[in-house]
Amino acid sequence: MSKVRIYTLAKDLGVENQKLLEILDSLGVAYKSVSSTLDTETVEAISGILAEENAGGTPASGETAAPATTAPDVQQAQPEGTQAAAPQATTTPALKDDVTQTASASAPTPSTTSPSAVSQSSTAVATEAPVSEAPASEIPHRSPVVTIMGHVDHGKTSLLDYIRKTKVAAKEAGGITQHVGAFEAQTSKGRIVFIDTPGHEAFTTIRARGANVADIAIIVVAADDSIMPQTREAIAHAQAAKVPLIVAINKIDLPQADVDRVKTDLTMVNLVPEDFGGDTVVVAVSAKTGEGVEDLLEYISLTAELEDLRADPKGEFSGVVIESKVDRQSGVLATVMVQQGTLHVGDFLVVGETYGKIKAMTDTLGGRIKSAGPSTPVQILGFSEAPVSGDKVASATNEHTAREKVSVRVDTRRTVEEARAQRKLSLEEMMGS
Ligand code: GTP
Ligand code: MG
309 MSKVRIYTLA KDLGVENQKL LEILDSLGVA YKSVSSTLDT ETVEAISGIL
359 AEENAGGTPA SGETAAPATT APDVQQAQPE GTQAAAPQAT TTPALKDDVT
409 QTASASAPTP STTSPSAVSQ SSTAVATEAP VSEAPASEIP HRSPVVTIMG
459 HVDHGKTSLL DYIRKTKVAA KEAGGITQHV GAFEAQTSKG RIVFIDTPGH
509 EAFTTIRARG ANVADIAIIV VAADDSIMPQ TREAIAHAQA AKVPLIVAIN
559 KIDLPQADVD RVKTDLTMVN LVPEDFGGDT VVVAVSAKTG EGVEDLLEYI
609 SLTAELEDLR ADPKGEFSGV VIESKVDRQS GVLATVMVQQ GTLHVGDFLV
659 VGETYGKIKA MTDTLGGRIK SAGPSTPVQI LGFSEAPVSG DKVASATNEH
709 TAREKVSVRV DTRRTVEEAR AQRKLSLEEM MGS
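In case it helps, our numbering puts the sequence shown at residues 309 to 741.
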């Protein structure tokens, strides 16, 4: 493998530049910028660390790997309509996803991190290439992506339903099939993209993914139930993903609702509400009556403004897989969040170790679209295999480059696997077995 630039490697491996820089720091490899080039040993060390991280984060057994829990996972992630349509079909890709993830992670243990890989790699070279980036102020604003999380039955989907029914334009009112767990809403505060997540305890992975794609997390807490295990978990995901969170205390219409108790309980998990002297934004709402929902939208919009969310629709495309399923009639349907650039029908996309050409795209209301800019969730038809949820999506100029990108990834993985097998072998020899 010849020398490779940091940003090219990040794209090829489907991770953020920042992530690679952190790994380089941890390896003690010097670099000047994301244009610096890396030698083969460093690339291998990085790939090894990423593979091991993935393996560590992917439950090989347990909660999400077992078919019994995986099936409702995906079904719950799908808004109504799709569940009823093809429960069988939605189950399949989930299982496949898990298999793919486990397989591609090749199940090493974190303890196999090789000190030799670290020492080998301290010879990185920094060759500069000009990076042309528009000044931040010239990049247009984009809509916020807001993930709704919280304990089971605390009213996440109801809250989103309320926002949709009352705020989405008239054409959406007539019983539309909702294809994805992500959707766009035109609200009084402008366009907001929402991602619904399940609250059942089995679905940790899906909540973590939801948090990772979010600009803002809404933690829904039922006023009659207060903080529950998945509330705590959801808060932890939002904090781990470093996204600002807003607490929505829901179901305040219930006679047994106790908003003050929830606020007190929030302080126990270090989220001190503003009116208790802290800096956590807490809004009391009812998904049933709609009380407080306008305030919630206002807080979302204020938070988004502070975050100064921008993305260049003319820049290079990047996105992330929200979910995927196999439809009996259409084939593989992948929901992708466009994060930067613009997708067009006919574009080639690379995800994980697979690629596809966009045959058709639909928005979250099921309408056919030809292109999609930043902060747009789209359902894409054109992959031959279901891509893994949470994976980064990149574009390729043509089929040839798409194939090449995939083969670089496959080669990198194999190199890492071989190196690991080799290490294991020599370790066994050392141990005299
Ligand atoms: P999961 O997706 O399973 O985690 O649940 P969820 O958080 O999406 O809850 P969902 O919206 O499905 O609501 C659960 C139940 O609470 C339903 O019976 C809703 O009708 C009810 N509910 C939700 N919000 C409110 C509310 O503000 N007031 C009242 N009275 N009931 C509500
Ligand atoms: Mg729900």
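Even glycine gets a Cβ: it sits at the ideal position worked out from N, Cα and C.
Kindly list the residues whose CB is nearer than 7 Å to the CB of P581, restricted to its own chain and excluding five residues on each side of it in sequence; keep chain order.
Cβ neighbours of P581 within its own chain (closer than 7 Å, five residues either side excluded): K571, L574, T588 and V590.
How would the residue list near the ligand MG read, in chain order, if you kept each one whose beta-carbon is closer than 5 Å to any heavy atom?
Each of K464 and T465 has a C-beta closer than 5 Å to some heavy atom of the ligand MG; these make up the full list, in chain order.
Contact defined as beta carbons within less than 8 Å: I believe V577 pairs with N558. What is the distance between those atoms, to the nearest angstrom?
The Cβ separation is near 17 Å, so there is no contact.
Does the beta carbon of S534 fall short of 8 Å from some heavy atom of the ligand GTP?
S534 has its CB no nearer than 8 Å to any heavy atom of the ligand GTP.
Can you say whether H462 is buried or exposed, counting buried as having 16 or more other CB atoms within 10 angstroms of its CB?
So H462 ends up on the buried side.
Which residues DSSP lists as bridging N558, in chain order:
Paired residue(s): A530.
Tell me the rounded alpha-carbon separation between R472 and V646.
Distance between the alpha carbons of R472 and V646 is about 21 Å.
Nearest to R618 by CA position, among A542, S451 and I503, is which residue?
Comparing Cα-Cα distances from R618 to each of A542, S451 and I503, the minimum goes to S451.
Shorter than 8 Å, the distance from the beta carbon of V528 to the closest heavy atom of the ligand GTP, or not?
Yes, Cβ of V528 sits closer than 8 Å to a heavy atom of the ligand GTP.
Thinking just about the alpha-carbon of each residue, which of R517, A729, V460 and V653 is nearest to the one in T705?
The residue with the shortest Cα to Cα distance from T705 is V653.
Rounded separation between S697 and S632 - CA only:
The straight-line gap separating the alpha-carbon atoms of S697 and S632 is approximately 7 Å.
With 16 other Cβ atoms within 10 Å as the buried cut-off, status of P416
Reliability fails at P416, whose pLDDT of 37 lies under 50, so the model's placement of it is uncertain and no value is given.
Which residue marks the beginning of the alpha helix (DSSP H) containing T505, and which one marks its end?
Neither: T505 is in no alpha helix (DSSP H) and is coded neither H nor E.
Buried or exposed: which applies to M738, given that a residue is buried once 16 or more other Cβ atoms fall within 10 Å of its Cβ?
When all chains shown are included, M738 counts as exposed.
Can you give, in chain order, each stretch of the beta strand (DSSP E) that sits fully within the stretch 534-594 and has at least 3 residues?
Listed in chain order, they are 553-558 and 589-592.
Quick one, which of K550, H545 and A592 has its alpha-carbon nearest A565's?
Its Cα nearest to that of A565, the residue A592 stands out among K550, H545 and A592.
With 16 other CB atoms within 10 Å as the buried threshold, where does R721 fall?
With 16 or more other Cβ atoms within 10 Å, it is buried.
Among the candidates D603, A490 and L562, whose CA atom is the shortest distance from the CA of K596?
Distance from the Cα of K596 is smallest, within the candidate group D603, A490 and L562, for L562.
Does the Cβ of K667 have 16 or more other Cβ atoms within 10 Å, making it buried, or fewer, making it exposed?
It is exposed - the Cβ of K667 has fewer than 16 other Cβ atoms within 10 Å.
Where A490 falls, given that 16 or more other Cβ within 10 Å makes a residue buried
So A490 counts as buried.
Would you say H462 touches the ligand GTP, meaning its beta carbon is less than 8 Å from a heavy atom?
It does: the Cβ of H462 is within 8 Å (strictly closer) of some heavy atom of the ligand GTP.
Residue span of the alpha helix (DSSP H) that contains S715, given as start and end:
Element bounds for S715: E707 to M738.
Applying the 10 Å Cβ sphere with the 16-neighbour rule, what's the burial state of D333?
Under this definition D333 is an exposed residue.
Give every residue of the same chain whose Cβ lies closer than 8 Å to the Cβ of T662, excluding the five residues on either side of it in the sequence, and list them in chain order.
Only F691, S692, E693, P695 and V714 meet the Cβ criterion.
Rounded to whole angstroms, what is the Cα-Cα separation between D603 and G498?
Distance from the CA atom of D603 to the CA atom of G498, rounded to whole angstroms, is 14 Å.
Reduced DSSP secondary structure (H/G/I, E/B, other) of L673:
Three-state DSSP puts L673 in coil, outside helix and strand.
Is any heavy atom in the ligand GTP found nearer than 8 Å to the beta carbon of T512?
The answer is no for T512.
Once you ignore the five residues that flank I554 on each side, which residues in its own chain have a CB closer than 6 Å to its CB?
Excluding its 5 nearest sequence neighbours in each direction, I554 has C-beta neighbours in its own chain below 6 Å: I526, V589 and Y607, listed in chain order.
Are the Cβ atoms of L346 and I354 separated by less than 9 Å?
It is a contact, given that the beta carbons lie within the stated cut-off.
Go to I447, then tell me how far its beta strand (DSSP E) extends in each direction, as first and last residue.
No beta strand (DSSP E) contains I447, which DSSP labels as neither H nor E.
Distance between D533 and F656 (C-alpha atoms, nearest Å)
Put simply, the backbone Cα of F656 is about 48 Å away from that of D533.
For S355, which three-state DSSP category applies?
Taken through DSSP and simplified to helix, strand or coil, S355 comes out as helix.
Please confirm whether any heavy atom of the ligand GTP lies closer than 8 Å to the CB of L604.
In this structure, L604 has its CB at a distance of at least 8 Å from all heavy atoms of the ligand GTP.
Report all residues from its chain with a CB closer than 7 Å to the CB of I331; omit the five preceding and five following residues, and keep chain order.
Same-chain partners within the cutoff: I354 and I357.
Looking at the ligand GTP, does it come within less than 8 Å of D504, judged from the CB to the closest heavy atom?
For the ligand GTP, at least one heavy atom lies less than 8 Å from the Cβ of D504.
Mapping the DSSP letters down to three states, classify K311 as helix, strand or coil.
The answer is coil: DSSP assigns K311 none of H, G, I, E or B.
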